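Heads up: the sequence shown at position 310 corresponds to 395 in our numbering, and the numbers run straight through without jumps. Cβ coordinates follow ideal geometry from the N, Cα and C atoms, glycine included. Every value quoted in this text rests on a predicted model; they were computed, and no experiment measured them.
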Amino acid sequence: MDHLARRGRAGICRGRDDHGRPHGPALARDRRGRRRHLAVHRARGGGDGARLVAGEVRACPRPEKGRHLMELEPVKSIRIYEDIVRQVKALIADGRLNSGDRLPPERELAERFRVSRTSVREALRSLQSRGLIEIRAGEGAFVRDVSVEALIEPLALVILPHREAVGELFEARRILEPAIAALAARRASREEVGEMERILEEQAREVAQGRTGMAQDSALHAAIAEAAHNRAIVRIVNALLDLLSQSREESLLTPGRPTRSHHDHRRMLRAIRRGDEAGAYRAMRTHLEAVEKLVTGSESFTRARPVKARSKGPRKVS
86 MDHLARRGRA GICRGRDDHG RPHGPALARD RRGRRRHLAV HRARGGGDGA
136 RLVAGEVRAC PRPEKGRHLM ELEPVKSIRI YEDIVRQVKA LIADGRLNSG
186 DRLPPERELA ERFRVSRTSV REALRSLQSR GLIEIRAGEG AFVRDVSVEA
236 LIEPLALVIL PHREAVGELF EARRILEPAI AALAARRASR EEVGEMERIL
286 EEQAREVAQG RTGMAQDSAL HAAIAEAAHN RAIVRIVNAL LDLLSQSREE
336 SLLTPGRPTR SHHDHRRMLR AIRRGDEAGA YRAMRTHLEA VEKLVTGSES
386 FTRARPVKAR SKGPRKVS
């Protein structure tokens with residue numbers, strides 16, 4: 086037990102081996118320290134100090150609480166296969182590997198990465214489990230479609246059967262899209278406003294002929310997202326529109342709803358055209374609350390106050 090205790094104390098000492106013995110530059114310091122310590126001990130009337138040296142000098146002083154944690158360094162090493170995964174993910178993110186592309190054979194990958202084929206197989210299994218590649222027996226590994234749109238269908242199968250989940254998606258739209266409309270009022274170009282106008286004219290013709298105008302409804306919301314000039318916003322809105330496409334189409338089958346929806350869209354466009362951020366926010370929120378109530382049969386989960394964005398005068402779109 087004494088040996089284990091001594092080894093445990095010594096093992097964390099700098100300049101000492103696992104048995105507590107000094108080595109290298111620490112050896113000379115240790116010898117000088119012993120001589121000084123013995124001299125002091127003898128001056129105080131102590132014996133030869135052998136037991137003192139064995140028991141006290143060799144033991145490390147106990148560090149202050151938590152002090153040793155400050156000396157820890159970040160772990161830098163990673164498993165080989167994780168580095169392969171990182172590099173392949175970067176190639177996919179950069180667009181140098183696209184959906185449907187076939188990865189080189191296992192042997193070639195091992196040669197390129199200068200690793201074993203076992204590490205390559207581990208990396209491929211990891212990439213497959215993350216949904217980034219598909220391994221086909223006898224054919225090889227292929228990059229999967231990892232776009233937002235490709236993830237919607239399986240997600241919809243899980244979400245749509247649950248009424249409360251649909252309500253949560255509408256709540257997400259109600260939180261996001263009014264703010265997006267306000268951004269569009271600030272950032273939309275003349276060409277983007279013109280495209281929204283074209284979409285609404287087409288929707289008016291569809292509604293006049295007794296159709297729902299669903300395609301134009303989706304196109305307008307997507308165009309407003311595009312006018313916010315934020316790629317993340319575009320992806321999020323498109324995902325929400327796809328997830329709720331069935332519910333939105335059912336709402337447009339309600340008598341009078343397509344006409345009401347078209348009028349709502351007109352109010353949004355007028356606010357965006359004149360650069361009225363608060364007006365665009367209110368118009369979009371009113372529209373979404375009406376659709377949500379129609380689909381879910383209840384008032385929205387929360388009724389937040391509109392943002393107090395500064396209304397601008399007639400804006401000069403560029």
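- In the same chain as Ala-195, and ignoring 5 residues on each side of it, the C-beta atoms closer than 6 Å to its own belong to Arg-202, Val-205, in chain order.
- Where Gly-225 is concerned, there is no enclosing alpha helix (DSSP H), although the beta strand (DSSP E) around it starts and stops at 225-228.
- By the 16-neighbour rule on beta-carbons within 10 angstroms, Gly-180 is exposed.
- Inter-segment contact for the region 250-266 and the region 279-294 is absent: fewer than three beta-carbon pairs are separated by less than 8 Å.
- Shown here for Ala-270: same chain residues with a beta carbon closer than 7 Å to its own, the five before and five after excluded, namely Ala-356, Ile-357, Gly-360, Asp-361, Glu-362, Ala-365 in chain order.
- Taking a C-beta distance under 9 Å as the contact criterion, Val-322 and Glu-262 qualify as a contact pair.
- The beta carbons of His-348 and Gln-288 sit about 11 Å from each other, so the pair does not count as a contact at 8 Å.
- When DSSP states are grouped into helix, strand and coil, Arg-275 belongs to the helix group.
- Look at Arg-187 here: in three-state DSSP terms it is strand.
- Contact between the region 216-225 and the region 290-308 is absent: fewer than 3 CB-CB pairs across the two stretches fall below 8 Å.
- Taken through DSSP and simplified to helix, strand or coil, Arg-221 comes out as strand.
- A residue is called buried once 16 or more other Cβ atoms fall within 10 Å of its Cβ, and Gly-298 is buried on that count.
- The continuous alpha helix (DSSP H) containing His-348 extends over residues 342-358.
- Taking the Cα of Ser-336 as reference, the smallest distance to any Cα among Arg-367, Ala-310, Arg-352, Val-380 is reached at Val-380.
- Cβ-Cβ distances below 8 Å link Glu-311 to Glu-277, Val-319 in the same chain, with the five nearest sequence neighbours on each side left out; the list follows chain order.
- Bounds of any alpha helix (DSSP H) do not take in Gly-216, whose DSSP letter is neither H nor E.
- Selection Val-376, Ala-313, Val-173, Ser-303 evaluated against Thr-339 yields Val-376 as nearest (Cα-Cα).
- DSSP places Arg-333 in the uninterrupted alpha helix (DSSP H) bounded by 330-337.
- Note on the region 249-310: whole alpha helix (DSSP H) runs with a minimum of 4 residues are 275-293, in chain order.
- The three-state secondary structure of Asp-168, taken from DSSP, is helix.
- The C-alpha of Met-369 is placed about 10 Å away from the C-alpha of Leu-354.
- Under the criterion of beta carbons closer than 8 Å, Gln-213 and Glu-219 qualify as touching, at roughly 7 Å.
- Remark: C-beta atoms of Ile-177 and Leu-217 approach each other more closely than 9 Å.
- Positions of the alpha helix (DSSP H) runs, each at least 4 residues long and wholly inside the region 357-381, are given as 362-381 in order along the chain.
- Burial check for Gln-172: the Cβ neighbour count within 10 Å stays below 16, so the residue is exposed.
- Here Asp-302 is buried. Its C-beta has 16 or more other C-beta atoms within 10 Å.
- Rounded to the nearest angstrom, the Cβ distance from Arg-272 to His-314 is 5 Å, consistent with a contact under 8 Å.
- By the beta-carbon neighbour count (other beta carbons within 10 angstroms, threshold 16), Ser-274 is exposed.
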